[in-house]
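Scroll down for the structure; my scribbles are underneath it.
Structure (structure tokens):
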């Protein structure tokens, strides 16, 4: 019983983290057909901004959350304004922007290394305390991460379905020219998408750094898993991302507990291969739509 | 109302329109008539900003709009119902309609505008939660027209509204366009069939290989069968 609860608890926790990271990737892909490989570095920005707020500015750890979200969103907007915007719509822009995001990602990672050094940084938890249920240690911090992720996934999907700007993001992703004819400004819409996505990465960064730890390379693994989740769920589909995030989290954690940690990743990628063979566009992916 | 002067436009170096001029007055319905592939769609796309102009100007009520982005032109009230409908396929009928009212001024009035769209095509309200990609060709066209009317249009551009439709549906579509005209909204209509324009267009421009070769009141031009046969075949 305790093994089951341990697996379920870590599975939902991993799923929440993957969901937060993958949501940001999928909204950018949906609207811009851009795979943002700087996403892991925006996670780092969130983490280091949070660490600075707590350790250098001596502010309470709760204050780190909004500042980290804002910091990552601003970093994302700067990346868009300086490096991506001049490329969007040009011939071959999709591969050009992909490489640009890799470059920005490496630069941010190197910047973190220069400024903060290679040491692993510790962070106070947002909420301390824990309890033991059926011999499984459950932390309040872990529960908080789950709750925050659930709220974010719900509110982003509501925003995309109900609000004027959110619906416009979907319209742009389905037919750019038609969206222009509706009076939707493409540039502003892209900026909103980037800020939203980067803000989510920043939030994941500060939450996870305060749950685990922070180092200049700690954005990489969450991003790769988020890429897997996004592809598995169907690029651009929020519903697919949510389903895939929790499925992958649960599969990973059940395999870790019942078959041993060395089986986690192989089973994960095996699942991905099987799903993509059967459904090349992912679980909830729709066929490729017209590009910009 | 809408004034196009010496417009030159095309795609990637190949010029399609070689300096065309057109006027659309208040409450008027003006048709651009011509065979396929002679530049009707390019003309409308150039007016709404989707195709960049190589030369010439477009003015709306004396204001130059040809240097603006397509979304700004749409926001200024030049509403384009494009060829091929260009609906948002993964959005519902209702969401497509609501996107038509994206511009803030129209957004505030969207409920009233929705009621009007449902009055124009009552089936829309019964099937408002259906995805646009599951509609039939005729239904898609009606939704595209209704979506265009959700905006605060000052001028409506309609591109070949009967393209690919059955005769019954075609009749229904033109009836709705006549209704729009009676409401006083100026319409710029691109068409390749002179019969559709009877009792609808006030003036007609004949387009051939990217040039307006004739401009005349509709009743006179549409009665000249020899001329029409020569140009439209």
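Residue numbers (this note's numbering), protein chains in the order written: chain Z, 972 to 1263; chain W, 38 to 270.
For each residue, glycine too, the CB sits at the ideal point set by N, CA and C.
### Task
Note down the Cα distance separating residue 105 of chain W from residue 1154 of chain Z, rounded to an integer number of angstroms.
12 Å
### Query
For residue 51 of chain W and chain Z, any beta-carbon pair shorter than 8 Å?
no
### Query
Going along the chain, which unbroken runs of the beta strand (DSSP E) with 3 or more residues stay wholly within the segment 1116-1194 of chain Z?
none
### Message
Can you tell me whether residue 43 of chain W is helix, strand or coil according to DSSP?
### Response
strand
### Task
Could you check what DSSP says for residue 1261 of chain Z in three-state terms: helix, strand or coil?
Caution applies to residue 1261 of chain Z, whose pLDDT of 41 falls short of 50 and renders its modelled position unreliable; the value that the coordinates give is listed next. Looking at residue 1261 of chain Z - three-state DSSP - the assignment turns out to be coil, as it is neither helix nor strand.
### Query
In chain order, what residues of the segment 152-180 of chain W put their CB closer than 7 Å to some CB of chain Z?
none
### Task
Could you tell me which residues DSSP pairs with residue 254 of chain W in its beta bridges?
W:240
### Task
Output the distance between the C-alpha atoms of residue 1001 of chain Z and residue 124 of chain W, rounded to the nearest integer angstrom.
17 Å
### Query
With a cut-off of 8 Å, does the C-beta of residue 272 of chain W fall near any C-beta of chain Z?
Past the boundaries of the shown model lies residue 272 of chain W; chain W is included only from 38 to 270, so the question cannot be answered.
### Query
Does the distance from the C-beta atom of residue 993 of chain Z to that of residue 1200 of chain Z stay below 8 Å?
yes
#### Entry: Coil, strand or helix - residue 1088 of chain Z by DSSP
coil
### Query
Does the distance from the C-beta atom of residue 114 of chain W to that of residue 191 of chain W stay below 8 Å?
yes
### Query
Does residue 1205 of chain Z get closer than 8 Å to chain W when you measure Cβ to Cβ?
no
### Query
Can you list, in chain order, the residues of the segment 1137-1153 of chain Z whose Cβ is nearer than 9 Å to any Cβ on chain W?
1138, 1139, 1141, 1142, 1144, 1145, 1146, 1148, 1149, 1150, 1151, 1152, 1153
### Message
In this structure, how does DSSP classify residue 48 of chain W when only helix, strand and coil are distinguished?
### Response
strand
### Query
Using the beta-carbon count (16 or more within 10 Å), is residue 133 of chain W buried or exposed?
buried
### Query
Any idea if residue 1137 of chain Z is buried or exposed, counting beta-carbon neighbours within 10 angstroms, 16 or more meaning buried?
buried
### Task
Pick helix, strand or coil for residue 94 of chain W, following the three-state DSSP scheme.
strand
### Task
Taking 8 Å as the threshold, find out whether the segment 178-198 of chain W comes into contact with the segment 1159-1167 of chain Z through three or more Cβ pairs.
no
### Message
Does chain W have any CB closer than 8 Å to the CB of residue 1250 of chain Z?
### Response
no
### Query
Secondary structure at residue 1104 of chain Z, three-state DSSP: helix, strand or coil?
strand
#### Entry: At least three beta-carbon pairs within less than 8 Å, the segment 218-227 of chain W to the segment 93-113 of chain W
no
### Continuous beta strand (DSSP E) assignments of at least 3 residues falling wholly in the segment 54-122 of chain W
66-70, 90-97, 115-118
### Task
Identify every residue that forms a DSSP beta bridge with residue 166 of chain W.
According to DSSP, residue 166 of chain W bridges with nothing at all.
### Message
Quick test of your reading: residue 1014 of chain Z and residue 1251 of chain Z, contact by CB under 8 Å. State the CB separation rounded to the nearest angstrom.
### Response
That belief does not hold up - the Cβ atoms of residue 1014 of chain Z and residue 1251 of chain Z are roughly 28 Å apart, past 8 Å.
### Message
Quick check on residue 249 of chain W: does DSSP put it in helix, strand or coil?
### Response
strand
### Task
Return the residue from the list Z:1240, Z:1045, Z:1012, Z:1211 that minimises the CA-CA distance to residue 1124 of chain Z.
Z:1211
### Task
With 9 Å as the C-beta to C-beta threshold (strictly closer), list the residues of the segment 127-143 of chain W near chain Z in chain order.
127, 128, 132, 133, 135, 136, 137, 138, 139, 140, 141, 143
#### Entry: Nearest candidate by alpha-carbon position, reference residue 1140 of chain Z, set Z:1095, Z:1121, Z:1157
Z:1157
### Query
Can you list, in chain order, the residues of its chain whose CB lies under 8 Å from that of residue 181 of chain W, leaving out five sequence neighbours each side?
118, 119, 122, 123, 124
### Task
Over the uninterrupted beta strand (DSSP E) stretch that includes residue 194 of chain W, give me the two end residues.
192-196
#### Entry: Residues of the segment 76-92 of chain W with Cβ closer than 7 Å to any Cβ of chain Z, in chain order
85, 87
### Task
Taking all protein chains shown into account, decide if residue 48 of chain W is buried (16 or more other Cβ within 10 angstroms of its Cβ) or exposed.
exposed
### residue 77 of chain W versus residue 174 of chain W: straight-line alpha-carbon distance, rounded
21 Å
#### Entry: Pairwise C-alpha distance: residue 1017 of chain Z and residue 1052 of chain Z
19 Å
### Task
Specify, as a first and last residue, the run of the beta strand (DSSP E) that residue 224 of chain W falls within.
224-228
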